[in-house]
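> Last residue of the sequence shown: 631 (the working numbering), numbering continuous.
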Amino acid sequence: MPDDSFPVDDIVPAVVQLWDAIEYNDTNYTAEELIRRLRYAYGEAAKHFAQPGIVTALQYPIKNIEHSIRVATGYVVYCWVKVSLELMASLSIYFAYCVLVDDSAGGVGDPTLSMQDYVTDLLAGNPQRHPWFRLVNAHFPDLMKHFGPFCSLNIYCSTVDFFESCWIEQLNFNGYRGAVEYPNFLRRLNALGKASGASLWPTALFDEQKLLCEITTTIAIMEKFIGWVNDLLSFYKEFDVPRDRVGWVDNYCKVNDSTLSECLKQLSHNAIRVSTQLKSVFSDKDSDVADTVISFLHGYITWQFNDERYRFSEMCLRVKQEEEVSIRFHQYVDQAIQSGRVDPADWAVPTFTSLSVEKQNKIGRNITSKEGKE
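In structure tokens form, the structure reads like this:
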């Protein structure tokens with residue numbers, strides 16, 4: 258738990274102002290429907306990662322992969338409300354690959370050698386040397402079949418941007434003082450905003466060519482929305498984690514020579530501005546487009562407040578209900594819990610861990626059987 262230096266008086270009003278600005282009221286799912294979709298998407302993602310060779314190629318601990326699948330499944334199901342179960346599962350697999358390198362201590366490793374021939378291999382159609390790219394590229398056909406060419410290109414470009422950001426973050430570099438563009442540059446790369454914004458529009462539901470202006474606008478806003486809102490709502494969970502000290506907040510403080518309080522005020526302003534923009538721009542557009550965007554907006558807030566990583570239950574223990582703003586903070590947290598709190602034991606079954614062990618045991622039995630016959 259963060260110590261007494263955690264700036265409660267800065268964060269609590271900022272979060273309440275954000276909720277006020279978006280007029281939070283998530284009615285996306287009933288509890289039963291939410292569990293049903295989570296269970297399906299998680300189950301398909303778990304089966305994907307339990308395939309022979311994937312765990313070996315990734316070289317991450319089983320518990321890290323399990324964690325990544327749960328996080329990605331929650332993100333997709335809470336936010337991609339309108340898409341099919343099949344696409345939810347495919348997106349969960351894609352984002353699980355991303356969470357895995359983002360949340361694991363090893364990151365992408367030292368990619369210098371494995372990325373040496375990335376561009377030439379890409380142009381020649383050769384398999385990539387970096388194992389993460391090989392696996393993600395192998396999954397792309399299953400994912401991209403749901404989208405038109407414009408959305409597919411944005412998802413791919415966002416993936417490359419994300420990998421680049423992981424590469425940079427391993428330097429633990431906050432930026433040089435005065436390089437005020439650096440924090441936003443890095444945050445745009447690692448937010449996966451283009452992938453998130455582009456993947457809301459499957460061809461089964463939307464005509465990409467007809468709605469290209471709306472889709473482009475969504476991507477443009479989402480690039481900032483994902484980063485700034487996440488940085489505000491994840492500030493508590495990252496405050497006392499050393500490996501998270503190269504995020505936007507620390508980088509902004511460094512390059513601008515700002516105090517933490519000044520930085521958080523700027524972050525709050527950014528998050529509220531872009532959230533209000535996302536809500537208002539589409540209010541007079543195609544109703545299906547508007548519903549998709551608003552469902553994502555509210556689902557994103559609900560997901561963050563119900564994902565255990567963000568530790569809002571812990572944070573609530575530190576926020577005494579003495580003033581109006583702190584009382585409203587607790588009310589909003591309770592509202593988010595009512596909208597989306599479900600026990601992973603109800604949907605993350607069978608677990609990836611158990612499936613992986615089962616697969617390995619089966620391989621072992623087959624090898625033993627073959628040796629016996631010889």
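Backbone N, C-alpha and C define an ideal beta-carbon position, used for all residues, glycine too.
Since the model is a prediction, treat every value here as computed from it, not as a measurement.
Closest to Phe442 by C-alpha separation, out of Ser422, Ser456, Ala461, Asn429, would be which residue?
Working through the sequence shown from its first residue, we reach residue 442 at position 185. Minimum Cα distance to Phe442 is reached at Ser422.
> Between which residues of its own chain and Asp399 is the CB-CB distance below 7 Å, once the five residues before and five after are set aside?
Your numbering for residue 399 matches position 142 in the sequence shown. Once the five neighbours on either side are set aside, the close Cβ partners of Asp399 are Ser347.
> Could you tell me how far apart the beta carbons of Tyr354 and Leu392 are, in whole angstroms, since I believe they sit closer than 8 Å?
Within the sequence shown, residue 354 is the residue found at index 97, counting from 1. Within the sequence shown, residue 392 is the residue found at index 135, counting from 1. Yes, they are in contact, since the Cβ atoms of Tyr354 and Leu392 sit about 7 Å apart, within 8 Å.
> Would you report the Cα separation of Arg444 and Gly454, rounded to the nearest angstrom?
If you number the sequence shown from 1, residue 444 lands on position 187. If you number the sequence shown from 1, residue 454 lands on position 197. Roughly 15 Å separates the two Cα atoms.
> Which ranges would you report for the alpha helix (DSSP H) in the region 505-582 if only whole runs of at least 4 residues count?
Entirely contained in the region 505-582, the alpha helix (DSSP H) runs reaching 4 residues are, in chain order, 505-513, 517-538, 544-563, 569-575.
> Using 8 Å as the cut-off, classify the Cβ of Pro388 as near or not near the heavy atoms of the ligand ADP, replying yes or no.
Looking for the ligand ADP in the displayed structure turns up nothing, as the structure carries no ligands at all.
> Mark Ala298 as exposed unless 16 or more other C-beta atoms lie within 10 angstroms of its C-beta, in which case mark it buried.
In the sequence shown, residue 298 corresponds to position 41, counting from 1. The residue is buried, with at least 16 neighbouring Cβ atoms inside 10 Å.
> DSSP three-state call for Glu438: helix, strand or coil?
Residue numbering aside, residue 438 sits at position 181 when the sequence shown is read from its first letter. In the structure shown, Glu438 sits in coil (DSSP, three-state: anything other than H, G, I, E or B).
> Assuming contact is defined by CB atoms lying nearer than 9 Å, are Leu205 and Gln561 in contact in what I supplied?
Residue 205 is absent from the structure shown; the chain starts at 258 and stops at 631.
> Use the C-beta contact count for Thr549: other C-beta atoms within 10 angstroms, 16 or more gives buried, fewer gives exposed.
Along the sequence shown, one-based indexing puts residue 549 at 292. Label assigned to Thr549: buried.
> Can you look up Tyr317 in the DSSP assignment and give me helix, strand or coil?
On the sequence shown, position 60 is the one that residue 317 refers to. Residue state, collapsed to three classes: coil.
> Between the region 522-535 and the region 271-290, do three or more beta carbon pairs fall short of 8 Å?
Yes, since at least three Cβ pairs between the region 522-535 and the region 271-290 fall closer than 8 Å, the two stretches touch.
> Look at the alpha carbon of Glu519 and the alpha carbon of Phe263, and state the distance between them as a whole number of angstroms.
As a position in the sequence shown, residue 519 is number 262, starting the count at 1. As a position in the sequence shown, residue 263 is number 6, starting the count at 1. Their Cα atoms are separated by approximately 14 Å.
> Just reading off the alpha helix (DSSP H) that Asp360 is part of, what are its end residues?
Counted from its first residue, the sequence shown places residue 360 at position 103. Note, Asp360: alpha helix (DSSP H), 342-360.
> Out of Pro607, Cys510, Val599, Pro388, which has the shortest C-alpha to C-alpha gap to Gly435?
Position 178 of the sequence shown holds residue 435. Closest by alpha carbon: Cys510.
> Take Pro270 and list the residues in its own chain whose beta-carbon comes closer than 6 Å to its own, dropping the five residues that flank it on each side.
Here residue 270 refers to the residue found at position 13 of the sequence shown. Taken in chain order, the residues that qualify are Val582.
> Let's see if you can read the secondary structure: which residues bound the alpha helix (DSSP H) around Lys494?
In the sequence shown, the residue the question calls residue 494 occupies position 237. Run containing Lys494: 492-495, per the alpha helix (DSSP H) assignment.
> In the DSSP assignment, the alpha helix (DSSP H) including Gln274 goes from what residue to what residue?
One-based indexing of the sequence shown puts residue 274 at position 17. Per DSSP, Gln274 belongs to the alpha helix (DSSP H) from 265-279.
> Can you tell me whether Phe430 is buried or exposed, with buried defined as 16 or more other CB within 10 angstroms of its CB?
As a working mapping, residue 430 is identified with position 173 in the sequence shown. Exposed: under 16 other Cβ atoms inside 10 Å.
> Should Cys333 and Met345 be called a contact, given that it needs their Cβ atoms to be closer than 9 Å?
What you label residue 333 is simply residue 76 of the sequence shown in a count that begins at 1. What you label residue 345 is simply residue 88 of the sequence shown in a count that begins at 1. What sits at residue 333 in the sequence shown is Val, not Cys. A contact, by the Cβ cut-off of 9 Å.
> Thinking just about the alpha-carbon of each residue, which of Gln578, Gln595, Ala593 is nearest to the one in Val265?
Stepping through the sequence shown from its first residue, residue 265 is reached at position 8. Selected option, being the one with the closest Cα: Gln578.
> When you compare only the Cα positions, how much space is there between Ala381 and Ser532?
Taking the sequence shown and counting its residues from 1, one reaches residue 381 at position 124. Taking the sequence shown and counting its residues from 1, one reaches residue 532 at position 275. Roughly 41 Å between the two C-alpha positions.
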